[in-house]
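Participant:
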Amino acid sequence: MNLYRLTIIILIALVLAINIKSIKTIKVIYLKSLVLPLVCITFILMLIIFSDTAVKSAGSGLNLWFNVVFPSLFPFFVASEILYRTGFIKAIGILLEPIMRPLFNVPGCGSFAFAMGITSGYPVGAKITASMREEKLLSKTESERLLSFTNNSGPLFIIGAVAVGMFKMPELGLLLLACHILASITVGILFRFYGRNNKKIKMKDDKNLWRRFKKELIYTCKQELNPGTMLGEAIRNSVNVLLSIGGFITLFSVIINILIEIGFISCLASFISPFLSPFGISREIVLAVLSGFFEMTTGTNMASKAANATLQGQLAAVSLLLGWAGLSVHFQVYSIISHTDISIKPYLFGKMLQGVFAAIYISIAMKLPFTASLTAKSVLSVITPFSDFTWYNAFIYSAQNVFISFLILLILTAISLIFHFIKHVCKTLLKRSVF
Numbered sequence: 001m002n003l004y005r006l007t008i009i010i011l012i013a014l015v016l017a018i019n020i021k022s023i024k025t026i027k028v029i030y031l032k033s034l035v036l037p038l039v040c041i042t043f044i045l046m047l048i049i050f051s052d053t054a055v056k057s058a059g060s061g062l063n064l065w066f067n068v069v070f071p072s073l074f075p076f077f078v079a080s081e082i083l084y085r086t087g088f089i090k091a092i093g094i095l096l097e098p099i100m101r102p103l104f105n106v107p108g109c110g111s112f113a114f115a116m117g118i119t120s121g122y123p124v125g126a127k128i129t130a131s132m133r134e135e136k137l138l139s140k141t142e143s144e145r146l147l148s149f150t151n152n153s154g155p156l157f158i159i160g161a162v163a164v165g166m167f168k169m170p171e172l173g174l175l176l177l178a179c180h181i182l183a184s185i186t187v188g189i190l191f192r193f194y195g196r197n198n199k200k201i202k203m204k205d206d207k208n209l210w211r212r213f214k215k216e217l218i219y220t221c222k223q224e225l226n227p228g229t230m231l232g233e234a235i236r237n238s239v240n241v242l243l244s245i246g247g248f249i250t251l252f253s254v255i256i257n258i259l260i261e262i263g264f265i266s267c268l269a270s271f272i273s274p275f276l277s278p279f280g281i282s283r284e285i286v287l288a289v290l291s292g293f294f295e296m297t298t299g300t301n302m303a304s305k306a307a308n309a310t311l312q313g314q315l316a317a318v319s320l321l322l323g324w325a326g327l328s329v330h331f332q333v334y335s336i337i338s339h340t341d342i343s344i345k346p347y348l349f350g351k352m353l354q355g356v357f358a359a360i361y362i363s364i365a366m367k368l369p370f371t372a373s374l375t376a377k378s379v380l381s382v383i384t385p386f387s388d389f390t391w392y393n394a395f396i397y398s399a400q401n402v403f404i405s406f407l408i409l410l411i412l413t414a415i416s417l418i419f420h421f422i423k424h425v426c427k428t429l430l431k432r433s434v435f
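Okay, structure coming up:
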């Protein structure tokens with residue numbers, strides 16, 4: 001290991017020396033333009049030195065993408081693409097306006113991203129939000145608000161991979177998932193104040209939800225849609241996005257394993273640990289969080305195996321990483337929203353807050369009396385994702401969650417209609433009492 005480090009340092013020093021010598025005659029040095037080439041050169045050198053690690057980690061990333069990510073996300077992407085083109089999202093959004101606008105200050109159509117984000121996992125929420133922005137269903141500010149809390153880790157990973165696979169404690173599944181969703185909602189409520197100084201979008205004068213809903217349905221029915229063309233475009237767009245996601249998963253799988261191999265993360269953990277040890281945070285937890293900063297799965301797995309940490313500390317670290325998601329996911333999100341005017345900065349701040357809130361919520365929950373005897377039973381899946389979780393099972397699981405997303409939308413719609421009906425009755429009674 002020491003020989004590897006020495007070799008890397010010597011090679012990087014030589015590259016820097018050659019570059020510095022060649023630019024002595026240049027009066028102005030644009031450091032920003034040199035950063036990316038130097039990073040690429042360093043990465044190539046590491047690939048050469050740690051070729052065995054790079055090949056194994058790339059294979060692991062590809063295997064994860066093909067066997068889990070692709071079959072899990074494909075139905076969500078296709079369903080969302082088709083629904084946009086049919087106009088269903090815009091119509092149902094009208095009925096959900098009384099819920100989404102007061103809570104999160106986003107249009108009712110944002111409920112679709114919220115429901116799909118809860119049941120699907122990264123980066124479905126980002127994909128739906130970007131599509132809504134392209135369809136002009138959201139303003140730039142509303143898109144950034146919505147993106148900050150709808151791109152979440154799914155129940156397949158939290159309940160199956162983390163609780164069952166890593167901790168071997170299925171009873172933790174729903175608790176972790178509930179804290180994750182609660183943290184997401186908390187961030188959404190806080191972000192309702194984001195961009196309030198911007199110009200507000202003018203609302204339609206017609207306040208009758210049913211009338212607006214019927215008008216939108218009539219307009220949707222009049223559109224001439226070709227089912228074959230619509231399905232073909234949905235599949236093509238979904239596959240393109242999934243290929244991009246697969247590339248990021250593979251790349252960051254290589255990066256995180258090389259960083260672990262050269263001891264970079266270990267050295268950084270050794271530097272930070274003395275400052276956090278008085279608070280009862282062990283070095284293993286710091287190492288897991290630093291690894292999860294780059295790639296969530298690696299970090300959560302390391303946190304679950306931290307021998308010197310308490311269960312509460314392990315779960316807090318895992319919740320922090322589930323909320324943050326890791327740079328690997330963030331680059332996937334950035335690639336999805338890059339063709340829109342949505343800024344990545346509010347999203348990153350929102351994910352940081354979500355991780356902090358999730359860690360706080362799980363820490364509080366672990367101190368409650370009922371958590372000792374809590375047994376989790378996944379209400380979001382018939383299939384339990386154990387080690388024999390196949391490609392077919394992942395696809396079926398995803399299709400089930402698409403259906404559950406629609407059920408969540410229907411429940412929210414029913415709540416909205418009940419709220420609207422009660423409000424209408426109260427207004428009628430007040431008018432009668434006045435006269």
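Everything in the sequence shown is counted per full-length UniProt numbering, starting at 1 for the first residue and increasing by one.
C-beta: ideal position from N, C-alpha, C; glycine also.
Say yes only if the C-beta of residue 79 is nearer than 6 Å to one or more non-hydrogen atoms of the ligand FAD, and no if none qualify.
Facilitator: This structure lacks the ligand FAD, and indeed carries no ligand of any kind.
Participant: Where residue 382 and residue 59 are concerned, what is the direct C-alpha to C-alpha distance, given to the nearest angstrom?
Facilitator: Annotation note: pLDDT 37 at residue 382 (below 50); position unreliable, coordinate value reported separately. So the alpha carbons of these two residues sit roughly 30 Å apart.
Participant: Check whether the segment 352–368 touches the segment 171–182, counting contact only when three or more Cβ pairs, one atom from each stretch, lie closer than 8 Å.
Facilitator: Judged by Cβ distances under 8 Å, the segment 352–368 makes contact with the segment 171–182, as three or more pairs qualify.
Participant: Please report how far the alpha carbon of residue 37 lies from the alpha carbon of residue 43, in whole angstroms.
Facilitator: Using only the alpha carbons, I get a separation of about 10 Å.
Participant: Taking DSSP as the reference, what is the three-state secondary structure of residue 277?
Facilitator: Residue 277: helix per DSSP, three-state reduction.
Participant: Can you tell me whether residue 423 is buried or exposed? The criterion is at least 16 other CB atoms within 10 Å of its CB, across all chains shown.
Facilitator: Exposed, by the Cβ-count rule.
Participant: Does the Cβ-Cβ distance between residue 416 and residue 189 come in under 7 Å?
Facilitator: Result no, Cβ atoms of residue 416 and residue 189 do not sit closer than 7 Å.
Participant: I'd like to know whether the C-beta atoms of residue 344 and residue 294 end up nearer to each other than 7 Å.
Facilitator: The answer is no: Cβ separation not under 7 Å.
Participant: Please identify the residue among 114, 168, 277 and 118 whose C-alpha is closest to the C-alpha of residue 143.
Facilitator: The option with the nearest alpha carbon to residue 143 is 114.
Participant: So what's residue 257 in DSSP terms, helix, strand or just coil?
Facilitator: Here residue 257 sits in helix by DSSP.
Participant: Per the contact definition of three or more C-beta pairs closer than 8 Å, is the segment 140–155 in contact with the segment 91–111?
Facilitator: Output reads yes: the segment 140–155 touches the segment 91–111.
Participant: Using the three-state DSSP reduction, which class does residue 123 fall into: helix, strand or coil?
Facilitator: Here residue 123 sits in coil by DSSP.
Participant: Helix, strand or coil for residue 301? Go by DSSP, reduced to three states.
Facilitator: Of the three classes helix, strand and coil, the one that applies to residue 301 here is helix, per DSSP.
Participant: Please state whether DSSP places residue 42 in a helix, a strand or coil.
Facilitator: Residue 42: helix per DSSP, three-state reduction.
Participant: Which residue comes first and which comes last in the alpha helix (DSSP H) that contains residue 191?
Facilitator: Counting along the chain, residue 191 falls outside any alpha helix (DSSP H), and DSSP gives it neither H nor E.
Participant: Beta-carbon separation of residue 124 and residue 132 under 7 Å?
Facilitator: Going by C-beta atoms, residue 124 is not nearer than 7 Å to residue 132.
Participant: Run the CB neighbour count on residue 337, radius 10 Å, all protein chains shown included, and call it buried at 16 or more, exposed below.
Facilitator: Residue 337 is buried by the Cβ-count criterion.
Participant: Within 8 Å, do at least three Cβ pairs link the segment 304–317 to the segment 278–288?
Facilitator: Cβ pair count under 8 Å is three or more, so yes.
Participant: Helix, strand or coil for residue 52? Go by DSSP, reduced to three states.
Facilitator: Helix.
Participant: Can you round the beta-carbon distance between residue 230 and residue 82 to whole angstroms, since I take them to be within the 8 Å contact cut?
Facilitator: That pair is a contact at about 6 Å.
Participant: Which of the three DSSP states is assigned to residue 240 in this structure?
Facilitator: In the structure shown, residue 240 sits in a helix (DSSP, three-state: H, G or I).
Participant: For the alpha helix (DSSP H) containing residue 323, name the first residue and the last one.
Facilitator: Looking at the DSSP string, the run of the alpha helix (DSSP H) that includes residue 323 is 311–324.
Participant: Quick one: what does DSSP say residue 168 is sitting in, helix, strand or coil?
Facilitator: In this structure, residue 168 counts as coil in the three-state DSSP scheme.
Participant: Just tell me which of 398, 369 and 259 has its CA closest to the CA of residue 122.
Facilitator: Cα-wise, what sits closest to residue 122 is 398.
Participant: Can you give me the C-alpha to C-alpha distance between residue 377 and residue 51, rounded to a whole angstrom?
Facilitator: Here the model assigns residue 377 a pLDDT of 40, short of 50, so the residue's position is not dependable and the matter cannot be decided.
Participant: Going by the beta-carbon positions, is the gap between residue 175 and residue 365 smaller than 7 Å?
Facilitator: Contact: yes.
Participant: Among 228, 352, 45 and 309, which residue has its Cα nearest to the Cα of residue 327?
Facilitator: Of the candidates 228, 352, 45 and 309, the one whose C-alpha sits nearest the C-alpha of residue 327 is 352.
Participant: In whole angstroms, what separates the C-alpha of residue 297 from that of residue 428?
Facilitator: Roughly 55 Å between the two C-alpha positions.
Participant: Determine the extent of the alpha helix (DSSP H) in which residue 288 is found, giving its start and end residues.
Facilitator: Looking at the DSSP string, the run of the alpha helix (DSSP H) that includes residue 288 is 283–294.
Participant: Considering only C-alpha positions, which residue in the set 300, 421, 325 and 39 is nearest to residue 166?
Facilitator: Closest option to residue 166, Cα to Cα, is 300.
Participant: Looking only at its chain, what residues have a beta carbon closer than 8 Å to the beta carbon of residue 128, apart from the 5 residues adjacent to it on each side?
Facilitator: Around residue 128: 80, 112, 113, 116, 117 and 150.
Participant: Once the 5 residues before and after residue 57 are set aside, which same chain residues still bring their CB inside 8 Å of it?
Facilitator: Correct list, in chain order: 253, 254, 256, 257 and 258.
Participant: Give the straight-line distance between the Cα atoms of residue 134 and residue 251, rounded to the nearest whole angstrom.
Facilitator: Computed Cα separation, rounded: 28 Å.
Participant: Does DSSP classify residue 327 as helix, strand or coil?
Facilitator: Residue 327 falls in the helix class under three-state DSSP.
Participant: Going by C-alpha to C-alpha distance, which of 332, 314 and 41 sits closest to residue 244?
Facilitator: With distances taken between Cα atoms, residue 244 lies closest to 332.
Participant: Helix, strand or coil: how does DSSP classify residue 180 here?
Facilitator: Three-state DSSP puts residue 180 in a helix.
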